[in-house]
Structure formats: structure tokens, C-alpha cells
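Student:
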Amino acid sequence: MRKRNYIIIGVLSLIAILVIGGLIVLDGLSSMGNPNGSRAPDYPYFITTVPVTVKNIGVPKGTKLTYEEHFFKEGRQEKIMNEKKLTGIELPKGKTIDWGGVPVYMITKFSNPEMKGFTVNADFGQLSEYKKTKFSEMWQSCSGELGVLVNDADDWTFNPKNIADISDCSVAYQRFFKEDAEQQRFLDKLVSEIKKKDQNQMK
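First residue of the sequence shown? That's 26 in our numbering, and the numbers climb one at a time after it.
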């Protein structure tokens with residue numbers, strides 16, 4: 026009887042070790058790619074069920090709205106959350122909105138709290154040849170996203186009066202490299218093209 030009890034205890038202990046080991050492995054896998062080794066937060070998000078306006082931008086049904094990390098909320102939410110906490114707008118696949126004459130599919134708030142602005146991702150494949158402008162051509166030449174610094178963080182539209190500066194055009198041109206005259210001239214020209222659009226609208 027005692028021998029059988031030892032066997033049962035041994036089997037149960039082995040099962041417990043395997044379960045715990047499996048959980049550790051899974052936790053390790055979920056942490057892969059994260060520099061500090063911890064699990065990436067499951068940011069709360071909402072998928073719009075009807076067209077809505079956020080950050081002064083009208084977005085279609087099926088748009089993913091992502092929010093800041095929340096202590097009590099994770100993953101998909103049943104209701105739209107506070108716009109003040111919004112960190113990202115991602116349109117449904119194949120859908121774009123007009124942003125300064127350029128079709129864009131995603132806008133993401135800067136993660137650096139010291140920078141007031143957002144990153145805009147364009148789909149130049151949907152830009153008609155006859156709609157191209159100097160601004161769109163310069164942006165497309167960077168082959169990437171556009172970093173936009175604004176005065177009012179609650180307005181993510183293409184509003185020349187609100188756009189304070191362009192922080193970067195992909196990795197090719199960045200304000201950070203002040204000593205690089207070519208990069209600074211390119212970004213200055215981009216800002217100039219944005220201001221021209223504002224002047225054209227006033228005519």
C-alpha cells in the first residue's frame with residue numbers, strides 16, 4: 026500500500042513539474058522580442074461598428090482604434106473608449122482616408138511623451154497619377170512614414186495651421202540630425218509644401 030502511495034505521489038509530482046515547465050516555456054515564448062524580457066502589454070482596442078469621427082478624422086466601419094495601456098482593460102473592447110487615450114487609428118485592409126492629398130491607412134501617436142505629434146502611413150499604390158503633388162512626391166521618395174509635430178494633439182487631420190513641423194520622413198530624413206544640412210533642407214521643403222497647400226486653400 027505504501028509503495029503504491031509513493032508511486033502515485035511520484036506520478037503527480039512529475040505531472041506538476043511538466044505543467045509548471047510548460048507554463049514557463051509559454052511565458053518565455055510570449056516574452057520573445059521584448060527587450061526587457063517581460064510580456065508585451067495587451068493594449069485595449071475597439072473595432073468601429075459604424076463610421077465615427079476621432080481626432081477630427083472621419084473613419085469607416087471596421088477601423089481599429091488602439092488606446093493607452095489600461096490597468097483594468099485589455100484586448101478588444103465592446104465600447105469605444107475615451108478619445109484622449111487614443112494612440113492609433115488603423116483602417117480596414119484596402120481602405121484609406123485623404124490626408125493632404127495622400128491616401129493613408131494608419132496614424133499612430135508618438136510614443137515619446139515629449140514629442141506632440143503622430144506618424145502617418147501612406148498607401149501610395151492608391152494614389153492616382155493625376156492627383157500627385159510636389160508634397161506627395163517628396164513623401165513617397167522617402168519610402169516610408171511621415172512624422173508630424175503638431176500644436177493641438179487632439180487634431181490628427183491634415184491641418185497646415187496645426188502642423189508645427191515634420192520630425193522625419195522615414196529613416197532617410199530626420200530633424201534629430203541637425204548637423205546634416207541635406208536632411209534639414211529636405212524637411213524644410215516638406216514643411217514649405219504643406220504651408221503652400223494652406224495658402225492655396227485660402228485663394
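Ideal Cβ placement from N, Cα and C applies to all residues, glycine included.
1) Locate the alpha helix (DSSP H) running through tryptophan 181, then write down its first and last residues.
2) Taking only runs that begin and end inside the region 90-176, name each unbroken beta strand (DSSP E) of 3 or more residues, in chain order.
3) Hey, would you say lysine 134 sits closer than 8 Å to proline 185, going by beta carbons?
4) Please go through the same chain and pick out, in chain order, the residues whose beta-carbon is closer than 6 Å to the beta-carbon of leucine 215, but skip the five residues on each side of it.
5) When DSSP labels each residue in this structure, what does aspartate 67 get in the three-state scheme?
6) Using C-beta distances below 6 Å, list every residue in its chain close to isoleucine 219, excluding the 5 sequence neighbours before and after it, in chain order.
7) Label valine 196 either buried or exposed according to how many other C-beta atoms from any shown protein chain fall within 10 Å of its C-beta, with 16 as the threshold for buried.
8) Below 7 Å, is the gap between the Cβ of glutamate 94 and the nearest heavy atom of the ligand ATP?
9) If you drop the 5 nearest sequence neighbours on each side, which residues of the same chain put their C-beta closer than 6 Å to that of aspartate 193?
10) Are there three or more Cβ pairs, one per stretch, closer than 8 Å when the region 146-160 is compared with the region 175-184?
Tutor: Put simply:
1) As a first step, residue 181 is located in the sequence shown; it is residue number 156 there, counting from the start. Tryptophan 181 -> no alpha helix (DSSP H), and no H or E assigned at all.
2) 111-115, 122-124, 127-134, 142-147 and 171-175
3) Here the question's residue 134 lines up with position 109 in the sequence shown. Here the question's residue 185 lines up with position 160 in the sequence shown. The answer is no: Cβ separation not under 8 Å.
4) If you number the sequence shown from 1, residue 215 lands on position 190. Cβ within range, chain order: Met163 and Ile191.
5) Reading the sequence shown from its first residue, position 42 is the one you call residue 67. Three-state DSSP puts aspartate 67 in coil, outside helix and strand.
6) Against the sequence shown, residue 219 aligns to sequence position 194. Once the five neighbours on either side are set aside, the close Cβ partners of isoleucine 219 are Pro185 and Ile188.
7) What you label residue 196 is simply residue 171 of the sequence shown in a count that begins at 1. The residue in question, valine 196, is exposed, as its Cβ has fewer than 16 Cβ neighbours within 10 Å.
8) Looking for the ligand ATP in the displayed structure turns up nothing, as the structure carries no ligands at all.
9) Walking along the sequence shown from the start, residue 193 turns up at place 168. Gly172 and Gln199, listed in sequence order.
10) no
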